[in-house]
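Enquirer: Under the numbering used here, the letters of the sequence shown match residues 3 to 217, in that order.
Cβ atoms here follow ideal geometry from the backbone N, Cα and C, with glycine treated the same way.
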Amino acid sequence: MNVRELMERVAGLFDEIYSLISSHAETSEITWLRLSEAMRGRMRGGESMPERDVEEFLKVRITQALPRTAMSHAKEIVDLVDEAFEAWKEFVKEVGKMLEEAGIGWNDVIEASELFLRGPEALRSFAEMDRSKFSDYLVAASIARATSNFNIYSVPICLKAIFPYARPERAKDYLSEARRAFSLISLAHLKKMHDEGKWDEHLVRRLSFLSGLIK
3 MNVRELMERV AGLFDEIYSL ISSHAETSEI TWLRLSEAMR GRMRGGESMP ERDVEEFLKV
63 RITQALPRTA MSHAKEIVDL VDEAFEAWKE FVKEVGKMLE EAGIGWNDVI EASELFLRGP
123 EALRSFAEMD RSKFSDYLVA ASIARATSNF NIYSVPICLK AIFPYARPER AKDYLSEARR
183 AFSLISLAHL KKMHDEGKWD EHLVRRLSFL SGLIK
């Protein structure tokens, strides 16, 4: 199985698990109960949600609702969780080989993700300060960009907020991979913006918000 086929398999498995848990009635109920009264009032009134409300909603969902639902339905998803995690590890191994061949490593992916998340001005400043390291980051970002078809939620959130509660004995492994997954996938989307010269400030803010929850 080549890297693209592995990526498609990983995406399919994680999307399935994320959809199962996030769409469950229990998740919606817990989310609603944990939201602030002010936000529930705005939602009842059908008001459009400002970004701060969206972030409150996502924080409650990721940190409280998804874990609770995953615990309640662990027996139903644990085999799928194992299959998805094995596929992810196989995919990460292949990406690791690509990084090694390029003379860089996962730390470069993580550091590049953090730098790109600071925006184009930060990229220009860093390039002037350390051109050699910036070149490494560009290589890391180019390798990561192959994963831009992954959405920004399913893989890192499954690893952070679902898998550890479905199979807690492997929680440490899942949480470590959640940070790696977020760095890789966020860097892919940020590199795409960089290449196109069009920075989506809404997406950058959302990635910054998710970074605080996942890393």
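How big is the Cα-Cα spacing for M131 and E103?
Expert: Position 129 of the sequence shown, counted from the first residue, corresponds to residue 131. Position 101 of the sequence shown, counted from the first residue, corresponds to residue 103. Straight-line Cα distance between these residues: approximately 26 Å.
Enquirer: Taking 6 Å as the limit between beta carbons, can you name the residues of its chain near Y20, skipping five residues before and five after?
Expert: Indexing the sequence shown from 1 puts residue 20 at position 18. Counting only Cβ-Cβ distances below 6 Å, and skipping sequence neighbours, we find S156, C160.
Enquirer: Cutting at 8 Å between CB atoms, please list the residues of its own chain near L37, excluding the five before and the five after it.
Expert: Counting from one through the sequence shown, the residue named residue 37 turns up at place 35. If we look at L37 and ignore the five residues flanking it on each side, its Cβ neighbours are M45, E58, F59, V62.
Enquirer: Would A76 and T33 qualify as a contact pair, given that the criterion is a beta-carbon distance under 8 Å?
Expert: The sequence position of residue 76 within the sequence shown is 74, counting from 1. The sequence position of residue 33 within the sequence shown is 31, counting from 1. For A76 and T33, no; Cβs fall outside 8 Å.
Enquirer: Do M100 and I154 have their beta-carbon atoms positioned less than 8 Å apart in this structure?
Expert: Locating residue 154 in the sequence shown gives position 152, where the first residue counts as 1. Locating residue 100 in the sequence shown gives position 98, where the first residue counts as 1. No.
Enquirer: Can you have a look at T65 and say buried or exposed, based on whether 16 or more other CB atoms are within 10 angstroms of its CB?
Expert: If you number the sequence shown from 1, residue 65 lands on position 63. Classification of T65: exposed, given that the 10 Å Cβ count is below 16.
Enquirer: My understanding is that I187 touches F152, with C-beta atoms under 8 Å, so please give their C-beta distance in whole angstroms.
Expert: To locate residue 187, count along the sequence shown from 1; it is residue 185. To locate residue 152, count along the sequence shown from 1; it is residue 150. Yes, I187 and F152 are in contact; Cβ-Cβ is about 5 Å, under 8 Å.
Enquirer: For F152, report the span of its alpha helix (DSSP H) as first-last.
Expert: As a first step, residue 152 must be located in the sequence shown, where it is residue number 150. From DSSP, F152 is part of no alpha helix (DSSP H); its letter is neither H nor E.
Enquirer: Between P122 and E116, what straight-line distance do the alpha-carbon atoms span, to the nearest angstrom?
Expert: Position 120 of the sequence shown holds residue 122. Position 114 of the sequence shown holds residue 116. Distance between the alpha carbons of P122 and E116 is about 12 Å.
Enquirer: If I'm right that R147 touches K193 with Cβ under 8 Å, what's the distance once you round it to whole angstroms?
Expert: The sequence position of residue 147 within the sequence shown is 145, counting from 1. The sequence position of residue 193 within the sequence shown is 191, counting from 1. With a Cβ gap of about 5 Å, R147 and K193 count as contacting.
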